[in-house]
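Note that the UniProt record's numbering has the sequence shown beginning at 1, numbered continuously upward.
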Amino acid sequence: MINLEHIIKNHYPEIFEKYPLFVTKFFLYILKKLFKEKEINSFLNTHEQDDTKDFVDNVLKYFDFSYYCKFKENIPKKGRVVFVANHPLGSLDASLIYSVRKNIKILANELLYELKPLREVLFPVDNLGQKSSSNTAKKVISALNNEEAIIIFPAGEVSRLKGLTPKDGVWKSGFLHFCKITSSPIVPILIEAKNSSLFYAISTINKPLSSLMLVREMFIKKGGSLTIKVGETIPYKNIESDKINLKNSAKLVKKHLYRIGTNKPKIFETQQNIPDEQNVTDIKKELQSAIILGKTGDGKIIYLTSLQKDSILLKELGRLREITFRKVGEGTGKSYDVDEYDLYYKHIILWDENENLIVGAYRIGESDNIKKIKKSYYCESLFKFSNDAKFLFTDTIELGRSFVRPKYWGTYALDYLWFGIGAYISKYKNIKYMFGPVSISNNYSKDAKDMLVYFYSRYFAASKNIVIPKNRYMLSQNKIKHLDTIFNANDYKENFKILKQNLATLGFSIPTLYKQYSELCENGGVKFLDFGVDPDFNNSLDGFLVVEISKIKDTKRQKYIDNFLT
1 MINLEHIIKN HYPEIFEKYP LFVTKFFLYI LKKLFKEKEI NSFLNTHEQD
51 DTKDFVDNVL KYFDFSYYCK FKENIPKKGR VVFVANHPLG SLDASLIYSV
101 RKNIKILANE LLYELKPLRE VLFPVDNLGQ KSSSNTAKKV ISALNNEEAI
151 IIFPAGEVSR LKGLTPKDGV WKSGFLHFCK ITSSPIVPIL IEAKNSSLFY
201 AISTINKPLS SLMLVREMFI KKGGSLTIKV GETIPYKNIE SDKINLKNSA
251 KLVKKHLYRI GTNKPKIFET QQNIPDEQNV TDIKKELQSA IILGKTGDGK
301 IIYLTSLQKD SILLKELGRL REITFRKVGE GTGKSYDVDE YDLYYKHIIL
351 WDENENLIVG AYRIGESDNI KKIKKSYYCE SLFKFSNDAK FLFTDTIELG
401 RSFVRPKYWG TYALDYLWFG IGAYISKYKN IKYMFGPVSI SNNYSKDAKD
451 MLVYFYSRYF AASKNIVIPK NRYMLSQNKI KHLDTIFNAN DYKENFKILK
501 QNLATLGFSI PTLYKQYSEL CENGGVKFLD FGVDPDFNNS LDGFLVVEIS
551 KIKDTKRQKY IDNFLT
């Protein structure tokens, strides 16, 4: 039950100390009327045994309040996330957002903590005093680390009129502190609503008094409706900047939020929510028509297939690509990583028969087929081909979009995919070259990327300008001279050790595919023609790789090609 007198005495004892008894009694009488104490307690008496979900549902039913959630697909169904929202209504805001996703905690006015059914999901904040305890902060961080969701109203108080439109006041930057510590993404939520004219009039005179009127505002909204707009996910790294402090970053997030659903450009780069897994029965049905390239001793099957636009298998590949690439700081930012090339490329798919899961995949563009249907390589979207690149258009394959599902990292999955490529080459003996973009995540620091580009350009460069990046990654002459002094050994092996050591010092390692490809051939068999940045793949750095099949080392040929799986 709500005891307003008890709440006021606990939080504002100075009122009872400063004023005579008749004044405080009159004050309490007015507040109880404004606060609708009797009506609230009547509702609580009926629903005090409700769990949180039922309580919130019953609150919305009681007020006969409806809402329309626009862009609901942007709500992550699981995993850590910080929802930030504007705060136009007060108590109803938290109830509305809680109804959108469960398994969440709400950082909200400590007065709401008086409502027993809400206590298990509330982290109380003294909004009037505008502070939260260190204990509350620890609970928020713990919840996020436990892959829960947190709702925060960064304004700390209900929106006030600015002109004719209710807008939040200054946003506090505490939510960014939580995101930084826990590497949590942000999902902005715009609640389109406003309170009564009386509320805004009183708020200009006395903010604390207007805050106590918020319960009255709920009651006069019976039968109302509003719209909630959910923005796309903002990865914290897209907000973090050495040039902007947290206070100004909070301002930008607020500005971003108020642009949801408008024609104005977004302030931050966002990511679409990744959907649930496709139906496994449908996936297996499509795989039945695929060619089996080989089987492993531990229950994996390597398939080769073509895919159509409405393919469930293609959707699942696109979903898994995006999940995997985002894990390493890459990805398209879309729900599915699929494109036009998927429809005329072939796909090597590694399937786990025991777990009924796609383990990983490679995409193969066949030069003869691409020439026949008058299409282009994926690489042509990133690099311009010179006249010296003619050899890449006959008896070649373009490899790309390779991934291994995170569940299978640290296993033989990548090796098995290479067995699949070897089986393909063994089947199509006319193939002379493999080529494609090999990416370096934008998570790598500038110094780390500089070293990798320098090293692979120094030891694996071509004698001619075969391709030209559309967005070249540049090393200045001063940087090259500096790196010359670092990589000062007399041979490749010693300088490779220097590369590993320097990357380790920076907290990085040599990307797996760079290590694998560079060890595949005899001298001159592997070339990194040039390096460019891909703005559509989270600014990852792509090296244009060419492998000459005839120069693959005998040991590698015997492992991957001559002894392909049966």
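The C-beta atom is built at its ideal place from N, Cα and C for all residues, glycine as well.
Starting from TRP351, trace the beta strand (DSSP E) both ways and give me its first and last residue.
For TRP351, the enclosing beta strand (DSSP E) has its first and last residue at 346 to 352.
Let's test the definition: count the other Cβ atoms within 10 Å of the Cβ of GLU322 and tell me whether it reaches 16, buried, or not, exposed.
Only buried fits GLU322, as 16 or more other CB atoms lie within 10 angstroms of its CB.
Between ASP562 and the rest of its own chain, which residues show a CB-CB distance below 6 angstroms, the 5 nearest in sequence each way excluded?
Residues of the same chain with their beta carbon placed closer than 6 angstroms to that of ASP562 are lacking, with the five preceding and five following residues left out of the count.
Comparing alpha-carbon positions, which option in LEU357, LYS222, GLY507 and GLU366 lies nearest TYR67?
LYS222
Quick check on this structure: which residue in ARG119, ASN135, PRO76 and VAL158 has the alpha carbon closest to the alpha carbon of GLU148?
PRO76
On the CB-based measure, 16 or more other CB atoms within 10 Å of its CB, does ALA85 come out buried or exposed?
buried
Within a Cβ cutoff of 7 angstroms, which residues of the same chain sit near LEU314, ignoring the five residues on either side of it in sequence?
LEU307, VAL338 and ASP342
Give me the Cβ distance between ILE228 and LYS70, rounded to the nearest whole Å; I'm assuming they're in contact under 8 angstroms.
With a Cβ gap of about 7 angstroms, ILE228 and LYS70 count as contacting.
Looking only at its chain, what residues have a beta carbon closer than 6 angstroms to the beta carbon of GLN272, apart from the 5 residues adjacent to it on each side?
GLU232, LYS334 and SER335
In three-state DSSP terms, what is GLY400?
Here DSSP, grouped into helix, strand and coil, assigns GLY400 to strand.
Return helix, strand or coil for GLU382, following the three-state DSSP convention.
Note that residue 382 corresponds to Leu in the displayed sequence, not to Glu. DSSP, reduced to helix, strand and coil, places LEU382 outside both helices and strands of the structure shown, so it counts as coil.
What does ASP542 pair with, by DSSP beta-bridge criteria?
SER439 and GLY532
Taking the C-alpha atoms as reference points, what is the distance between ALA413 and PHE178?
36 angstroms
Rounded to the nearest angstrom, what separates ASN245 and ILE189 at their Cα positions?
Whole-angstrom Cα-Cα distance: 23 angstroms.
Taking VAL187 and ASN74 to be in contact with their CB atoms under 8 angstroms, please state how far apart those CB atoms are, rounded to whole angstroms.
7 angstroms
Taking the alpha-carbon positions, what's the GLU366 to TYR424 distance?
Roughly 11 angstroms separates the two Cα atoms.
Relative to the C-alpha of ARG326, which candidate in PHE383, ILE440 and ASP352 has its C-alpha closest?
ILE440
Count the other CB atoms within 10 Å of the CB of MET474; is the residue buried (16 or more) or exposed (fewer)?
exposed
Would SER540 and ASN430 qualify as a contact pair, given that the criterion is a beta-carbon distance under 8 angstroms?
no
With a cut-off of 8 angstroms on the beta carbons, I'd call ILE302 and GLY156 a contact; round off their distance for me.
About 56 angstroms separates the Cβ atoms of ILE302 and GLY156, ruling out a contact at the 8 angstroms cut-off.
State the DSSP-derived secondary structure class of ARG363, mapped to helix, strand or coil.
strand
Within 10 angstroms of its Cβ, does TYR560 collect 16 or more other Cβ (buried), or is it exposed?
buried
Go ahead and label VAL23 buried or exposed: buried means 16 or more other beta carbons lie within 10 angstroms of its beta carbon, across all protein chains shown.
exposed
Can you tell me which of the three DSSP states HIS75 falls into?
The sequence as given places Ile at residue 75; His does not occur at that position. Coil, per DSSP.
Quick one: Cα of GLU48 to Cα of ASP282, how far?
46 angstroms
Span of the alpha helix (DSSP H) holding ALA143?
Counting along the chain, the alpha helix (DSSP H) containing ALA143 begins and ends at 134 to 145.
Assign GLY410 to one of two classes, buried (16 or more other C-beta atoms within 10 Å of its C-beta) or exposed (fewer than that).
exposed
Looking at LEU545 and PHE393, is the spacing between their C-beta atoms short of 8 angstroms?
no
Any chance the CB of GLY299 is under 7 angstroms from a heavy atom of the ligand SAH?
In the structure shown, the ligand SAH is absent, as is every other ligand, since no ligand is present at all.
Mind checking ALA143: buried by the 16 CB within 10 Å criterion, or exposed?
buried
Determine the extent of the beta strand (DSSP E) in which ALA85 is found, giving its start and end residues.
81 to 85
Per DSSP, what kind of secondary structure is ASN3 in: helix, strand or coil?
If DSSP states are grouped into helix, strand and coil, ASN3 belongs with coil.
Could you pull the start and end residues of the beta strand (DSSP E) that ASN109 belongs to?
104 to 109
Helix, strand or coil for MET434, going by three-state DSSP, please let me know.
strand
Between THR55 and LEU118, how many whole angstroms is the CB-CB distance? I'm expecting something under 8 angstroms.
The displayed chain sequence assigns Phe, not Thr, to residue 55. PHE55 to LEU118, Cβ: 7 angstroms. Contact.
What are the boundary residues of the alpha helix (DSSP H) that ALA290 is part of?
ALA290 -> no alpha helix (DSSP H), and no H or E assigned at all.
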